[in-house]
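This report refers to the structure that appears directly beneath it.
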Amino acid sequence: MIYRRGVALLALAGLFLSTYLYLYKLGFIGTLACGSGGCETVQLSPQSRFLGLEVASIGVGGYAVLLLLALLALHSRFSGASWPVQWLAGLSGIAVLFTVYLTYLELYVIHAICRFCVGSAAIIAGLFTLTLLELRRTRTRPA
Amino acid sequence: MASTPSGVNRFYLLVGVLVLGGAGTLGYLVTRPKAVSIPANVTVLAADTAGFRGYILGADSAKLEVSEWADFQCPACQSFETLQFGVVRRQLIETGQVRWRYRDFPLDQPHHQTRLAAHSAACAEEQGRYWEQHRLIYQQQATWAGNSAAEGILRDLARQAGLDLAKYDACMRSAKYAGRIQASLAEGMKLGVNSTPTFLIGGRLYPGALSSDSIKALVRSQLAKPGA
Chain G
1 MIYRRGVALL
11 ALAGLFLSTY
21 LYLYKLGFIG
31 TLACGSGGCE
41 TVQLSPQSRF
51 LGLEVASIGV
61 GGYAVLLLLA
71 LLALHSRFSG
81 ASWPVQWLAG
91 LSGIAVLFTV
101 YLTYLELYVI
111 HAICRFCVGS
121 AAIIAGLFTL
131 TLLELRRTRT
141 RPA
Chain X
144 MASTPSGVNR
154 FYLLVGVLVL
164 GGAGTLGYLV
174 TRPKAVSIPA
184 NVTVLAADTA
194 GFRGYILGAD
204 SAKLEVSEWA
214 DFQCPACQSF
224 ETLQFGVVRR
234 QLIETGQVRW
244 RYRDFPLDQP
254 HHQTRLAAHS
264 AACAEEQGRY
274 WEQHRLIYQQ
284 QATWAGNSAA
294 EGILRDLARQ
304 AGLDLAKYDA
314 CMRSAKYAGR
324 IQASLAEGMK
334 LGVNSTPTFL
344 IGGRLYPGAL
354 SSDSIKALVR
364 SQLAKPGA
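Chains as they are written, first to last, in my numbering: chain G, 1 to 143; chain X, 144 to 371.
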């Protein structure tokens, strides 16, 4: 259960972080707490939208789904089930790929680094790793 | 590794507490007073201007001075800056014929963010990069004007202009140039300026976004006068 709890906590952290960035995009927060100025550059770039959606809002939705799945996986009714973990592995794998793409955009297209994006990348990498460990645990568990 | 139901419940409780804490923090960030607010209609003190009478471009030895009274959020001023001023700069200012004096004339209604932009440019002047920030603010008017994230966008422009952001942030938070901006507005009104942009050439006001050709013609006629 420790991995599932870790996944839930990381998803919650990611949810807060992406909500903070989305609130900034909506204009509810004056400036981002980002000393370098790179956060505004990234958040205000054309690349801050993906398929017509704000990337930050995709983060909010994605982390919310991951959090719900992680909390579900913790529930006693599903503690022995592997499907919530399989879903978590699939979705967080997609999130890792998306994060790699966004990091590429920051480095080679926007030429600015947003600390919050780096934070989100670390969160999703940790979340994916814990999910894989939990997946391995559920598969190797004796029947 | 199986957890007891009470252990899971305690974890759910922990998640609940973290959700409340996080929501509270975000709520605070949304409702707190914004870091930057440039007040309008402030009482102008002598120290606010301290001899300052606009942002100058061009040689002291230029035979003629042109003053431009403008508002960073005004579309006509933006049009003049982006379409005409480049020619004026190359053909009249850089050739030493004209000295340009830019004066803030913020029209708060309906330009609610014009003082924020004017103050941003004033903070750039503090670091010797006024004209860089001035140009970027006008070029990017469509991105910040009317945008509730204008403060952050102007900060990003300051970064592009090469400003030290720590100094810029401190300058913006202090709102130290609010009086200077107000004084500029008051002086323009006293002269009879009532719209932007308005140009003062040879002692006469010319309202509207003049073309570079019109300005060149006006400058030539002034320079052709005896004693010019």
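For each residue, glycine too, the CB sits at the ideal point set by N, CA and C.
Check                                                                                                                                                                                            : Outcome
Kindly list, in the order they appear in chain X, the residues whose Cβ is closer than 7 Å to that of Ile210(G).                                                                                 : Residue 210(G) cannot be examined here, being either before or after the span of chain G that is shown, 1 to 143.
In the structure shown, what three-state DSSP assignment does Trp247(X) receive?                                                                                                                 : It is worth fixing the name first, because residue 247(X) is Asp in this sequence and not Trp. Strand.
Quick test of your reading: Val85(G) and Thr140(G), contact by CB under 8 Å. State the CB separation rounded to the nearest angstrom.                                                            : With 8 Å as the limit, Val85(G) and Thr140(G) do not qualify as a contact, their Cβ atoms being about 13 Å apart.
Where DSSP assigns a beta bridge to Glu211(X), which residues make up the other side?                                                                                                            : Tyr245(X) and Phe342(X)
Should Ala143(G) go down as buried or exposed, given a rule of 16 or more other Cβ atoms within 10 Å for buried?                                                                                 : Because Ala143(G) carries a pLDDT of 47, less than 50, the predicted location of this residue cannot be relied on, and no value is offered for it.
At 3 residues or longer, what runs of the beta strand (DSSP E) sit wholly inside the segment 287 to 320 of chain X?                                                                              : none
Are Leu279(X) and Ile236(X) close, meaning C-beta to C-beta below 8 Å?                                                                                                                           : no
Buried or exposed, going by whether 16 or more other CB atoms sit within 10 Å of the CB of Ser48(G)?                                                                                             : buried
Determine the direct distance from the alpha carbon of Gln252(X) to that of Cys217(X), and round the result to whole angstroms.                                                                  : 11 Å
Should Asp356(X) go down as buried or exposed, given a rule of 16 or more other Cβ atoms within 10 Å for buried?                                                                                 : exposed
Would you say Phe154(X) lies against chain G (beta-carbon separation less than 8 Å)?                                                                                                             : yes
Could you list which residues in chain X have their beta carbon closer than 7 Å to that of Ile29(G), in chain order?                                                                             : Leu172 and Val173
Apart from the five residues on each side of it in sequence, which residues of its chain come closer than 6 Å, Cβ to Cβ, to Glu211(X)?                                                           : Tyr245, Pro340 and Phe342
Excluding sequence positions up to five away, which residues of its chain have a Cβ less than 6 Å from the Cβ of Trp171(G)?                                                                      : Nothing can be reported for residue 171(G): it is not among the residues displayed for chain G, which extend from 1 to 143.
I need the straight-line Cα distance from Gly4(G) to Thr131(G), nearest angstrom please.                                                                                                         : Inspection of the sequence shows that residue 4(G) is occupied by Arg rather than by Gly. Cα to Cα, the separation comes out at about 7 Å.
Could you list which residues in chain G have their beta carbon closer than 9 Å to that of Ile296(X), in chain order?                                                                            : Glu40 and Leu44
Give a yes or no on whether the minimum CB-CB distance between Ser76(G) and chain X is below 8 Å.                                                                                                : yes
Following the continuous alpha helix (DSSP H) through Ile2(G), name the residue where it begins and the one where it ends.                                                                       : Ile2 to Lys25
Could you tell me the distance, in whole angstroms, from the CA atom of Ala321(X) to the CA atom of His262(X)?                                                                                   : 7 Å
Quick check on this structure: which residue in Leu74(G), Tyr24(G), Ser45(G) and Leu51(G) has the alpha carbon closest to the alpha carbon of Arg153(X)?                                         : Leu74(G)
In three-state DSSP terms, what is Gly351(X)?                                                                                                                                                    : coil
Using the C-alpha atoms, what's the distance from Leu66(G) back to Gly38(G)?                                                                                                                     : 28 Å
Using beta-carbon positions only, say whether Ile123(G) and Ala13(G) come within less than 8 Å of one another.                                                                                   : yes
Please go through the same chain and pick out, in chain order, the residues whose beta-carbon is closer than 6 Å to the beta-carbon of Glu224(X), but skip the five residues on each side of it. : Tyr281
By the criterion of Cβ-Cβ separation under 7 Å, what are the contact partners of Gly165(X) in chain G?                                                                                           : Phe16
Within 8 Å of any Cβ in chain X, is that where the Cβ of Arg139(G) sits?                                                                                                                         : no
Taking 7 Å as the cut-off, is the CB of Ala95(G) close to at least one heavy atom of the ligand NAD?                                                                                             : Questions concerning the ligand NAD fall outside what the structure shown contains, since it holds no ligand whatsoever.
On the three-state DSSP scale, how would you describe Ile199(X)?                                                                                                                                 : strand
CB Val162(X) to CB Ile29(G), shorter than 8 Å?                                                                                                                                                   : no
Please report the distance separating the alpha-carbon of Phe128(G) from that of Gly90(G).                                                                                                       : 9 Å
Answer yes or no: does any C-beta atom of chain G fall closer than 8 Å to that of Ala352(X)?                                                                                                     : no
Could you check if Lys25(G) is buried or exposed, using at least 16 other CB atoms within 10 Å of its CB as the buried criterion?                                                                : buried
Taking CB distances under 8 Å as the criterion, tell me whether Tyr63(G) reaches chain X.                                                                                                        : no
Taking just the CA atoms, how far does Cys117(G) sit from Glu208(X)?                                                                                                                             : 49 Å
Do the segment 298 to 308 of chain X and the segment 347 to 361 of chain X touch if we need at least three Cβ pairs shorter than 8 Å?                                                            : no
Please tell me whether Gln276(X) and Ala285(X) are closer than 8 Å, where the distance is taken between their beta carbons.                                                                      : no
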